[in-house]
Amino acid sequence: MAPSTILVNDANGLRIPRVGLGTWKARPNEVRDAVRDALGAGYAHVDCAAAYANESEVGEALREAFERGDAKREDVFVTSKLWNDRRRPRDVREALMTTLNDLGVGYLDLYLIHWPVAWKRGTVLQPDAEASIAECWSELERCVADGLVRHIGVSNFNEAQLAALCDDPRTKIQPACNQIESHPLWSNDSLVKYSQSKGLTVTAYSPLAQGGELFENEILVGLAKKYGVTPAQVVLRWNVQRDVVVIPKSTSAKRIASNADLFGFELSDEDMDAMKVLDVMKSCATAPWSEFAPVASRNRFLRPLGRAISWLPFKFIAMDVQRMGRSGFISLRAPWK
Numbered sequence: 006m007a008p009s010t011i012l013v014n015d016a017n018g019l020r021i022p023r024v025g026l027g028t029w030k031a032r033p034n035e036v037r038d039a040v041r042d043a044l045g046a047g048y049a050h051v052d053c054a055a056a057y058a059n060e061s062e063v064g065e066a067l068r069e070a071f072e073r074g075d076a077k078r079e080d081v082f083v084t085s086k087l088w089n090d091r092r093r094p095r096d097v098r099e100a101l102m103t104t105l106n107d108l109g110v111g112y113l114d115l116y117l118i119h120w121p122v123a124w125k126r127g128t129v130l131q132p133d134a135e136a137s138i139a140e141c142w143s144e145l146e147r148c149v150a151d152g153l154v155r156h157i158g159v160s161n162f163n164e165a166q167l168a169a170l171c172d173d174p175r176t177k178i179q180p181a182c183n184q185i186e187s188h189p190l191w192s193n194d195s196l197v198k199y200s201q202s203k204g205l206t207v208t209a210y211s212p213l214a215q216g217g218e219l220f221e222n223e224i225l226v227g228l229a230k231k232y233g234v235t236p237a238q239v240v241l242r243w244n245v246q247r248d249v250v251v252i253p254k255s256t257s258a259k260r261i262a263s264n265a266d267l268f269g270f271e272l273s274d275e276d277m278d279a280m281k282v283l284d285v286m287k288s289c290a291t292a293p294w295s296e297f298a299p300v301a302s303r304n305r306f307l308r309p310l311g312r313a314i315s316w317l318p319f320k321f322i323a324m325d326v327q328r329m330g331r332s333g334f335i336s337l338r339a340p341w342k
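Read left to right, the sequence shown gives residues 6 to 342 (our numbering).
#1: Could you have a look at S85 and say whether DSSP puts it in helix, strand or coil?
#2: What separation, rounded to the nearest whole angstrom, lies between the Cα atoms of V240 and E135?
#3: Which residue or residues does DSSP assign as beta-bridge partners of E186?
#4: If I measure Cβ to Cβ from Q166 and keep anything under 6 Å in the same chain, skipping five residues before and after, which residues do I get?
#5: Do you know whose CA, among I252, E144, L205, lies nearest A54's CA?
#6: Indicate the three-state DSSP secondary structure (helix, strand or coil) for R242 in the structure shown.
#7: Identify whether A323 lies in helix, strand or coil by the three-state DSSP scheme.
#8: Just reading off the beta strand (DSSP E) that I261 is part of, what are its end residues?
#9: Is it the case that the Cβ atoms of A139 and P132 are separated by a distance below 8 Å?
#10: With distance defined between alpha-carbon atoms, name the residue in Q327, V149, A237 nearest to A56.
#11: When DSSP labels each residue in this structure, what does W142 get in the three-state scheme?
#12: Taking only three categories from DSSP, how would you classify P8?
#13: Look at the Cβ atom of N59, then the Cβ atom of V81, and state whether they are nearer than 8 Å.
#14: Just the C-alpha distance for P8 and R23, rounded to the nearest angstrom, thanks.
#15: Going along the chain, which residues of its own chain have a beta-carbon closer than 8 Å to the beta-carbon of R126, five neighbours each way excluded?
#16: What does DSSP give as the partner residue(s) for V250 in the beta ladder?
#17: Where does L113 fall in DSSP's three states?
#18: Which residue comes first and which comes last in the alpha helix (DSSP H) that contains R98?
#19: Following the continuous alpha helix (DSSP H) through R20, name the residue where it begins and the one where it ends.
#20: In the DSSP assignment, the beta strand (DSSP E) including D52 goes from what residue to what residue?
#21: Which residues in the same chain have their Cβ closer than 6 Å to the Cβ of N17, if we skip the five residues on either side of it in sequence?
#22: Once the 5 residues before and after M329 are set aside, which same chain residues still bring their CB inside 8 Å of it?
#23: With distances taken between CB atoms, is the gap from N5 to S202 smaller than 8 Å?
#24: Pull the bridge partners of W191 from the DSSP assignment, please.
#25: If you drop the 5 nearest sequence neighbours on each side, which residues of the same chain put their C-beta closer than 6 Å to that of G311?
#26: Specify the secondary structure class of V159 as computed by DSSP and reduced to three states.
#27: Taking the alpha carbon of H119 as the point to measure from, which residue in V40, A76, A214, W142 has its own alpha carbon closest?
#28: Answer yes if the stretch 158-178 comes into contact with the stretch 221-228, meaning at least three C-beta pairs across the two stretches below 8 Å, and no otherwise.
#29: Given a threshold of 16 other Cβ atoms within 10 Å of its Cβ, counted over all protein chains shown, does G269 qualify as buried or as exposed?
#30: Which residues in the same chain have their Cβ closer than 6 Å to the Cβ of A258, if we skip the five residues on either side of it in sequence?
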């Protein structure tokens, strides 16, 4: 892979391809082909998560590519994320080992805390008062020491949450990355700059803002025509020029190839500035546990409501997010324990 397509972080030694394949919301039986197509198109970066419920399919595609000699493990950057109910040390390592087994790899290049929350095991929105991000991070550091993970980082951490982790005297390994939502409809610019100022690489999920009306915007259409590219390529290139890694999701072989073809043109400073008017703080990630500004007001109501509604069911059942779509996803609890 050409040097220009690799983002190098001198603060922590992280070398990550600027473009990766996102697998969020990739439907069953589609993600396998998407990974195959991406590797065939020259991708060397696949972004996964336990909560996406498709890591075993991603693993099938990776194993096939490695066995055929189409790619080598050391040449493919693999990221995954630790779900919200795995914050206690024992649960952290167990979750990591499940992910490694599903992906069919011996180590991860990057492992992220998916959200800055701690839930009771097998629940959603039920706080675990006996778990903490600091305790979880210490176990992730041990996973690095044991060779199971090359780099560790976070996702969806705001400035205060990042500062709490980075400045904690117990933190021995500084987070290498903060994966956050960022696209022209919500640049998240202050958090991007803050994360970078703390020495973290920033990765943007939903970098295309799910397309749709954005791609019909007259500014983007005009820029696409000017540079002889697609509106999607303009949007992705905009983030690349901010030194932000992008992980667009697609299951179309044509779009997968197009999304990586970003290094034959460069947006001018004037055109980068022109795109600022598109920022209307519109979030595509509407999880009720998010504390980010575009959805914070709504979630201040939804979060306690969801917690109250789900409290009683979770006295009787447990959900294993890493078994989603497989046997064992839902199990019965003994409520008297």
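Cβ coordinates follow ideal geometry from the N, Cα and C atoms, glycine included.
Please read all numbers here as calculations on a predicted model, not as lab measurements.
By the coordinates alone:
#1: strand
#2: 42 Å
#3: Y210
#4: P121
#5: Distance from the Cα of A54 is smallest, within the candidate group I252, E144, L205, for I252.
#6: helix
#7: strand
#8: Here I261 belongs to no beta strand (DSSP E); instead the alpha helix (DSSP H) covers 258-265.
#9: Between A139 and P132, the C-beta gap is not smaller than 8 Å, which leaves the two residues out of contact.
#10: Measuring from the Cα of A56, the nearest candidate turns out to be Q327.
#11: Helix at W142.
#12: In this predicted model, P8 has a pLDDT of only 43, less than 50, meaning its place in the structure is not dependable; the value taken from the coordinates is given anyway. Helix.
#13: no
#14: In this prediction, P8 has a pLDDT of 43, which is less than 50 and means its spatial position is unreliable; what the coordinates show is noted afterwards. Their Cα atoms are separated by approximately 10 Å.
#15: D90, R91, R93, D96, D133, A323
#16: For V250, which the question treats as bridged, DSSP gives the partners T208.
#17: strand
#18: 94-108
#19: Here R20 belongs to no alpha helix (DSSP H); instead the beta strand (DSSP E) covers 20-22.
#20: 50-52
#21: Around N17, the same chain offers A181 as residues with beta carbons nearer than 6 Å, after the five sequence neighbours per side are excluded.
#22: A56, A58
#23: What the structure shows of the chain is the stretch from 6 to 342, and residue 5 is not part of that stretch, so it cannot be assessed.
#24: Beta-bridge pairing links W191 to H188.
#25: L130, P293
#26: strand
#27: W142
#28: No, they do not touch.
#29: exposed
#30: D42.
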